[in-house]
Amino acid sequence: MQANIERMAEFFREGDVKLRPHFKAHKTLEIARRQLAAGSCAGLTCATVAEAEAVAGICDDILIANEVIGADKTARVAAIAARGVDIKIAVDSREGLALAGEAAVSAGAEVGVLVDVNVGMPRCGVPPDAAAEMAARAAETPGVRLRGLMGYEGHAVGIPDRDKREHVTRAAMDGLLSAVSSVREAGLPCEIVSAGGTGSYDITGRIEGITEIQPGSYALMDTSYARLESPFRQAIWVLGTVISRPLPGLCVTDSGHKACTEDHGNPDVDGVAGASILFLSDEHASITLPPQSALAVGDRIRLSPSHIDPTINLHDVIYVVEGDRVTDVWPVAARGYAEQRR
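In this text, residue positions in the sequence shown follow my numbering: the first is 554, and each later residue adds one.
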């Protein structure tokens, strides 16, 4: 893990683009501390208000790269700002701007906003040609301060073919940068242009006009990103115990859906030659084996998750291992769905 963190920090050591690691990928304060200590960082990225609350004690520059809707949530953002933290949120609607502004005024604080630009992924964000209008509204909204734009090329980061991934990424960033130009031509501030992920950091991170990159999975990694021939190495596994050997070519462990998600496909079986996941159920992983396998009930099997973000969200702690020895236990500080609704 530490090697992954240092490798990413080193990539951004030179040049004007900064790293803003995404906390959502691990939700663990000790990992975030190490990312910040490695350098090249503008601050941290979070996906939720709860994550921002968790990191506010260790980082004074936070971006919630997501729309924050609901008076309770914007009040919590304003409370973080009132503590002197430079906190920013993504906005793509009048409603989001109004809620953020009202909460900030009530708290006697100022909340930064980045206009979220849709660059091709069918999720949040205004079209590039509507960014200047949204930015103008932000500039006129009491309690908020327009800081810039963001756009996530999530539809590009997982494309296996490097050339195609670069082509789609650059097309997406062309849209974001056209929005940046329109905002600046309108005489509005745009100091931050935030984008990128683990699958595109080395593409987006070298595009002139981008100021920061938001990768997260690189620290711990998963098999989805590993298949992109990434320089980052698998650093986390889900450890299961063989609880049944019903057939010579089959074993069952206690690490199922509730231990390891499969939204990006089944996890890989690590360190057992010829083994592969047959299927996961709630509490079980059924694993096919070579008929001659000597695996026995009670043996341990490591699974490499296909998607680290939702997998880490299932666990209370991370066991830190050096060799065969557990050297520390790190709480997953922001695990679970902690977004309150009132």
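We put the CB at the ideal spot given by N, CA and C, even for glycine.
With at least 16 other beta carbons inside 10 angstroms of its own, Q787 counts as buried. Assigned with DSSP and collapsed to three states, R690 falls in helix. In this structure, DSSP gives Y872 an extended state, which the three-state scheme calls strand. A distance below 7 Å separates the beta carbons of M726 and I760. The beta carbon of A585 lies closer than 8 Å to those of P574, F576, H579, L597, V608, I611 and C612 in the same chain, with the five residues before and after it left out. Taken through DSSP and simplified to helix, strand or coil, S747 comes out as strand.
In the DSSP assignment, P884 forms a beta bridge with V870. Residue pairing of M674 in beta bridges, as defined by DSSP: absent, with no partner found. No Cβ-Cβ contact shorter than 7 Å links A618 with G592. Assignment of V668 by DSSP, reduced to helix, strand and coil, places it in the strand class. The C-beta distance from M674 to D645 rounds to 13 Å, too long to meet the 8 Å contact threshold. For the 7 Å CB-CB criterion, R700 and L650 do not form a contact.
The C-beta distance from V805 to A826 rounds to 19 Å, too long to fall under 8 Å, and the pair is not in contact. Per DSSP, F785 has no beta-bridge partner at all.
Taking the C-beta atoms as reference points, A631 is found nearer than 7 Å to A657. In the pairwise beta carbon analysis, the stretch 809-816 is classified as touching the stretch 842-860: at least three pairs are separated by under 8 Å.
A653 places its beta carbon 7 Å or farther from that of V602. Setting aside the 5 residues that flank it on each side, G750 is surrounded in the same chain by V710 and P768, each with a C-beta closer than 6 Å to its C-beta; the list follows chain order. Closest option to P681, judged by alpha-carbon separation, among I830, G728 and S770: G728. In the structure shown, N619 adopts extended strand secondary structure according to DSSP, grouped into three states.
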